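J.: Protein chains in written order, with our numbering: chain U, 9 to 314; chain F, 52 to 396.
A virtual CB, placed ideally from N, CA and C, is assigned to each residue, including glycine.
Everything numeric in this text was worked out from a predicted model, so none of it was measured.
#1: Can you find a C-beta in chain U that's less than 8 Å from the C-beta of residue 153 of chain F?
#2: Counting only Cβ-Cβ distances shorter than 9 Å, please list the residues of the stretch 199-215 of chain U near chain F, keeping chain order.
#3: Of the residues U:40, U:277, U:76 and U:117, which one's Cα is nearest the Cα of residue 246 of chain U?
#4: Which residues of the stretch 116-130 of chain U have a Cβ closer than 8 Å to any Cβ of chain F? Give them in chain order.
#5: Please classify residue 306 of chain U as buried or exposed, where buried requires at least 16 other C-beta atoms within 10 Å of its C-beta.
#6: Please return the same chain residues whose Cβ sits closer than 6 Å to the Cβ of residue 28 of chain U, not counting the five positions on each side in sequence.
#7: When the cut-off is 8 Å and only beta carbons count, does residue 146 of chain F lie next to chain U?
#8: Thinking C-beta only, is residue 219 of chain U closer than 8 Å to residue 163 of chain F?
#9: Over what stretch of residues does the alpha helix (DSSP H) that includes residue 137 of chain U continue unbroken?
#10: How big is the Cα-Cα spacing for residue 322 of chain F and residue 252 of chain F?
#11: Quick check on this structure: which residue in F:342, F:184 and F:373 has the alpha carbon closest to the alpha carbon of residue 236 of chain F?
#12: To the nearest whole angstrom, what separates the beta carbons of residue 337 of chain F and residue 355 of chain F, a pair I think is in contact under 8 Å?
#13: On a Cα-Cα basis, can you pick out the residue from F:226, F:240 and F:133 that is closest to residue 259 of chain F?
#14: Determine the extent of the alpha helix (DSSP H) in which residue 301 of chain F is found, giving its start and end residues.
#15: Using the DSSP secondary-structure output, state which residues sit across from residue 244 of chain F in a beta bridge.
#16: To the nearest angstrom, how far is the alpha carbon of residue 120 of chain U from that of residue 148 of chain U?
#17: At the 8 Å Cβ level, is residue 112 of chain F part of the contact set with chain A, yes or no?
#18: Please state the DSSP three-state secondary structure of residue 239 of chain F.
#19: How should residue 388 of chain F be labelled, buried or exposed, when 16 other C-beta atoms within 10 angstroms of its C-beta is the threshold for buried?
#20: Does the stretch 259-270 of chain U come close enough to the stretch 99-110 of chain U to have 3 or more Cβ pairs within less than 8 Å?
#21: Starting from residue 100 of chain F and walking both ways along the alpha helix (DSSP H), at which residues does that stretch end?
#22: Does any residue of chain F have a CB that is nearer than 8 Å to the CB of residue 99 of chain U?
#23: Who are residue 245 of chain U's beta bridge partners in DSSP?
#24: Just verifying my parser: in three-state terms, what is the DSSP assignment at residue 159 of chain F?
#25: Please return the same chain residues whose Cβ sits closer than 6 Å to the Cβ of residue 396 of chain F, not counting the five positions on each side in sequence.
#26: Pull up the distance between the alpha-carbon of residue 201 of chain F and that of residue 374 of chain F, whole angstroms please.
#27: Any idea if residue 184 of chain U is buried or exposed, counting beta-carbon neighbours within 10 angstroms, 16 or more meaning buried?
#28: With H, G and I counted as helix, E and B as strand and the rest as coil, what does DSSP make of residue 279 of chain U?
#29: Going by beta carbon distance, what residues of the same chain come within less than 6 Å of residue 169 of chain U, once the five residues before and after it are set aside?
Shown next as structure tokens:
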């Protein structure tokens, strides 16, 4: 298992390298002039050329990339063009906010999705099943930023029960975490339901019943573990999308995390910020994938990695 | 559909471990009710092997699953009949009462050894499960018994296989494990639903030999479901032939092969190739099995029968004892005491 993990970690290096090149090219080849962004449009031509030379923008792209990567490996993502703030420090400061938001969303969404999915499968075609599954379609279809604005209007502005935006405490977390997790919860619920229903039709479920196992044990001992194998993969993927969703939700709720940082970075053509965040999000995605594969091995004895 | 079969009265009840009386099973789908088992009666004596023979879709599997009450209701429904075990009707039992019987009194092995074991649970744990449920053994005792069962079904390196997962085993080995699971609690009845159909011939022979040996060791009765008449001749004491949801003939195995009565049974036996037979087209029964729900009355075999009569279209043939211990559902024959054959009394 240790060698498997080591191998997987090594395999991440070329992927991250490719991502870094793409991120670098993406921001450097798009129109827009970083010098004008940093120093304003009023500077004269001579100063402009001097600044370009000083900031290293006249060097060939490979040289710029090598210099950038050298700094990245030392943990230095450069400084923001706009605020001159250290990007690494800013990311460190904001990371915890996004981490809290994403984790809380993911935890409630997974738990709720599993519970609802299992109940729906066990009580298939009951009123509860129909209501919950209809709600889940709604939850998947409604854009999360719109749901966020709607809740903000009702719960914060009209009723005044919750703060509209920003961070501060549990009360600030409720709305963004709910909105961010709602889609994931619905997808997990539907997926769990269909996976469990499919598993309940398997031959080994009949075997378990033929042994004299009672229904509850047939579901929880025999069906669920098999049914969860695909759910784990899907939930892992959802976590990746959830990071993407956080970008919109953080902006709606003025949540000072990485998502809103990325949006600010893109709007202001703040290349170092955008580049750093693209790489960071890729790293997160790869990390989650590895975690999913390891959980898979635990659940499915047919894939014990050697 | 008002056919009444009364042959069971003559048999001393204590000798039979299981009796099915006039069992009918219907499946209800959205707009119609389809009867898949009609007026099935059979009995299994202590220590004997009863073969239940028929083509795919004739209702033999659903009949056996009915004994275990593994047919979900809905869609399944039993409009008539009884399944008597130890003087009680299994059809009247609740799910929890049935759970106590399944795997303990009556066990079942299935046609699909590759998919009948849970892929994420070790072989040992799957055998121990019924021991925990029915025998309340401790972990240590259960392990000893499970390894013992693996040895009983002639699995080499039983200690090792105990810890293995199903995917590490071949189909034949998995079927041995299924047999070990089924026999762990020494059931009175073992239902084997085409246990060798999915296996290749050499493995088939091994499994059949094993079942024969274990039957005597454990002193169980077997309901052996198959479509292979060769296997029946080898394994069974008595045979029931099923056609389109009904038992059409039931007799001692030697009697049936020597003296088949029902035109369907005769056709089946004729279609078996014989060693030394001159080459040529193998005889077959013309036509096809009617889809369940096609016929509402009359003999279900009439459209394929060479000896069809006018009455076959009008009335349902009864299932009658035409010779000693030889039952047949056909208007060609009269009961043993010479009474007129008619389903309407």
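T.: The relevant details are as follows:
#1: Yes, because at least one Cβ of chain U sits closer than 8 Å to the Cβ of residue 153 of chain F.
#2: So the close ones are 210, 211, 212, 213, 214 and 215.
#3: Answer by Cα proximity: U:117.
#4: The stretch 116-130 of chain U vs chain F, Cβ under 8 Å: nothing.
#5: Classification of residue 306 of chain U: exposed, given that the 10 Å Cβ count is below 16.
#6: Taken in chain order, the residues that qualify are 287.
#7: At a cut-off of 8 Å between C-beta atoms, residue 146 of chain F counts as an interface residue with respect to chain U.
#8: Not closer than 8 Å, so no.
#9: Start and end: 135-149.
#10: If I take the Cα positions, the gap works out to 20 Å.
#11: Taking each of F:342, F:184 and F:373 in turn and checking the Cα distance to residue 236 of chain F, the smallest one comes out for F:184.
#12: The C-beta distance from residue 337 of chain F to residue 355 of chain F rounds to 6 Å, short enough to meet the 8 Å contact threshold.
#13: Out of F:226, F:240 and F:133, F:226 has the C-alpha closest to the C-alpha of residue 259 of chain F.
#14: Residue 301 of chain F -> not in any alpha helix (DSSP H); beta strand (DSSP E) instead, spanning 297-303.
#15: Answer by DSSP bridge pairing, in chain order: F:276.
#16: Using only the alpha carbons, I get a separation of about 15 Å.
#17: Given the protein chain composition of this structure (U and F), no chain A is represented.
#18: DSSP places residue 239 of chain F in the coil class of the three-state scheme, outside both helix and strand.
#19: With fewer than 16 other Cβ atoms within 10 Å, it is exposed.
#20: Contact between the stretch 259-270 of chain U and the stretch 99-110 of chain U is established, with three or more Cβ pairs separated by less than 8 Å.
#21: Note, residue 100 of chain F: premise wrong, no alpha helix (DSSP H); beta strand (DSSP E) at 100-104.
#22: No, no contact with chain F.
#23: Per the DSSP secondary-structure output, residue 245 of chain U pairs with nothing in a beta bridge.
#24: DSSP places residue 159 of chain F in strand when its eight states are reduced to three.
#25: At residue 396 of chain F, the pLDDT of 35 sits below 50, so the modelled position is not reliable and the matter cannot be decided from this model.
#26: Separation of residue 201 of chain F and residue 374 of chain F (C-alpha to C-alpha, rounded to the nearest whole angstrom) is 44 Å.
#27: Result: buried.
#28: In this structure, DSSP gives residue 279 of chain U a helical state, which the three-state scheme calls helix.
#29: Within the same chain, residue 169 of chain U has close Cβ partners 163.
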